[in-house]
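See structure below.
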Amino acid sequence: MAVEEGLKIELGKQGVFVTTIEELYNWGRRSSVWPMQFGLACCAIEMIATTMARYDLARFGAEVFRPSPRQADLMIISGTVTKKMAPQVVRLYNQMAEPRYVIAMGACAISGGPFKQGYNVLKGIDRYIPVDVHIPGCPPRPEALLQAFITLQEKIDGQSLTGENRPRHLNADAPGEFPVPVQGEHDLEPPANKNVWTVPVVIR
Amino acid sequence: MKTVEEIKAAIEAAVPGAGVEIVPNPSPSGQHSLLLKTETALAVAMFLRDDAELALDFLSNATGVDWLDKEVTEKVKVTKPVTKTVEGVEQTVEETVEETRKHLQPGYLEAVYHLFSVEKKHGPVVFRMRTGNRSDQVQLPSMTPVWRGAEFQEREIFDLFGIVFTGHPDLRRILMWDEFKDFPMRRDYVEPDDFDYEPTAHDEVLKRAEAHQAAECVAEPAGEGAGQ
């Protein structure tokens, strides 16, 4: 049960700190989201800029880019996902431990971008893995990545320990592994994971 | 630097039976190219590299071109005997008639190489090679033994156009995955039908998206029936 906000402030003035397990848990989770150290294309340059002194992603507790998927919580899909690379991206995502999150950064990662009609580019990574935050832009500015990161933190903060919107690692029924697409003779097989991505309705 | 005609003469003097043709370039750049025969191409390439005056030691670019089968229409003047009645008397007269003839010019794949000389600071010299057809005679001699820099570029041509370079040390796909069967830069390449979500479709994409939707509508009732 959440403590009433006004009472909490009043108690804080008296030197009493009151919180809930849920709040503490989410505070801990959102303040140490470690991204995975990998970049796919030019968006990666903006991602690197975001971590540097001017934009300083470390302010949000995400300065430790982990070179291993086993130690990472956040996958920033920074750039074009080619059909040759897509199985490796899904495999890396599968190797990450829960709780894990995905930010699709830039036009290519969310839809294929300027290469959408190409024979070699995946039309958005959300066809294979669940994406938490999409950032448009080509490439997005570092501020946009920061905004996405804050959005992700708000999403983590909004999750409860029980109930429908509990995080995936607390839900035994949530899928842990996502099928890796096979590189077929003409295209990736299957072209999309139906459990993750359904064709959005186009209103014309 | 020598003109293309002079280079052609030099090649023919050095390599007997080279059979070099000049492919003219009508654009202002006037970069005419040499068309080599596949049998003698390697010897000619060696000559271009090792000749003291040309010394084309640097292969800057190798690329492919796909030429589809083309129906050529040409007007030919034909003289043939025509029976006519002139002033009441039947006569056979030779008459020139214009006739339209159509014939199919078979397509081929082409590899184009651009050469420069670092030593002499001149270039480019452009040469081409053509395959027999677009299906089963797609072999061309590899230029990798002559210019090492051709290795990856020829792999790329093999990957995207399907030209098989004989004598290449490691001919594998380089951009697409190994299981891939098509050659995406060929003009008759059909990309996979994944036009299921095109929110801002127009022109060609719109047509493909509509075709996909039509196919989907046909397929869907059958799929539902199978599910029940």
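Protein sequences, first through last, are from chains A and B.
First residue of the first sequence: 68, per the numbering used here; consecutive thereafter.
First residue of the second sequence: -18, per the numbering used here; consecutive thereafter.
By construction, the Cβ of each residue, glycine as well, lies at the ideal position given by its N, Cα and C atoms.
Because the structure is a prediction, the values reported are computed rather than measured.
Taking CB distances under 8 Å as the criterion, tell me whether residue i reaches chain B.
i	result
R186 (chain A)	The question names Arg, yet the displayed sequence has Tyr at residue 186 (chain A). At least one chain B Cβ lies under 8 Å of Y186 (chain A).
K151 (chain A)	yes
K190 (chain A)	yes
Could one say the Cβ of residue i lies closer than 8 Å to chain A's Cβ atoms, at least one of them?
i	result
E(-14) (chain B)	no
Y94 (chain B)	no
E137 (chain B)	no
W48 (chain B)	no
W158 (chain B)	yes
V63 (chain B)	no
K188 (chain B)	no
E191 (chain B)	no
Y178 (chain B)	yes
D163 (chain B)	yes
D175 (chain B)	yes
E100 (chain B)	no
E2 (chain B)	no
E172 (chain B)	yes
Output yes or no for whether 8 Å exceeds the beta carbon distance between residue i and residue j.
i	j	result
M124 (chain B)	L40 (chain B)	yes
I196 (chain A)	V263 (chain A)	yes
L23 (chain B)	V127 (chain B)	yes
P206 (chain A)	E113 (chain A)	yes
L189 (chain A)	V148 (chain A)	yes
F142 (chain B)	M166 (chain B)	yes
E135 (chain B)	A(-6) (chain B)	no
F132 (chain A)	Q104 (chain A)	yes
I144 (chain A)	L107 (chain A)	yes
Q184 (chain A)	V186 (chain B)	yes
H236 (chain A)	P166 (chain A)	yes
I155 (chain B)	E172 (chain B)	no
K(-11) (chain B)	V4 (chain B)	no
D193 (chain A)	Y168 (chain A)	no
L17 (chain B)	L96 (chain B)	no
Can you say whether residue i is buried or exposed, counting buried as having 16 or more other CB atoms within 10 angstroms of its CB?
i	result
A131 (chain B)	buried
G230 (chain A)	exposed
A239 (chain A)	exposed
C175 (chain A)	buried
P7 (chain B)	exposed
S116 (chain B)	exposed
H149 (chain B)	buried
I144 (chain B)	buried
D151 (chain B)	exposed
A241 (chain A)	exposed
C110 (chain A)	buried
M119 (chain A)	exposed
F161 (chain B)	buried
In the segment 242 to 268 of chain A, which residues sit with their C-beta less than 7 Å from some C-beta in chain B, listed in chain order? Q250, G251, E252, H253, D254, P258, V266 and P267
Output the residue ranges of the beta strand (DSSP E) runs that lie fully inside the segment 85 to 111 of chain A and measure 3 residues or longer, sorted by chain position. none
Whole runs of the alpha helix (DSSP H) within the segment 100 to 171 of chain B, excluding any shorter than 4 residues: 131 to 142
Jot down the residue ranges of each uninterrupted beta strand (DSSP E) in the segment 36 to 77 of chain B, minimum 3 residues, whole runs only, in chain order. 39 to 48 and 51 to 67
Unbroken stretches of the beta strand (DSSP E), 3 residues or longer, contained in the segment 136 to 184 of chain A: 141 to 145 and 168 to 172
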